[in-house]
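Accompanying notes for the structure given below.
In our numbering, the protein residues as written are 735 to 800.
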């Protein structure tokens, strides 16, 4: 069960774990930056249905990609 219901969640197909980097697809980047209006260093939860939920921070690569 989630502890923080205010954090945004993002479904990903990649494997999740500690200290990994995940590059969002263009659609996911658009959703995070323009729909949810999250910026650099914003915290989100990543999940894939196998590895549970993992806390992550957004690191902007450019104005259109995270």
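Ideal Cβ positions, reconstructed from N, Cα and C, are used throughout, including at glycine. Given the structure is predicted, the values throughout are model-derived calculations rather than measurements.
Query                                                                                                                                         : Result
With burial defined as no fewer than 16 other Cβ atoms inside 10 Å of the residue's Cβ, what is the status of residue 791: buried or exposed? : exposed
Does DSSP put residue 766 in a helix, a strand or coil?                                                                                       : helix
Rounded to a whole number of angstroms, what is the C-alpha to C-alpha distance between residue 760 and residue 754?                          : 19 Å
Per DSSP, residue 778 is paired with what?                                                                                                    : 790
Is it buried or exposed for residue 780, if we count other Cβ within 10 angstroms and need 16 for buried?                                     : buried
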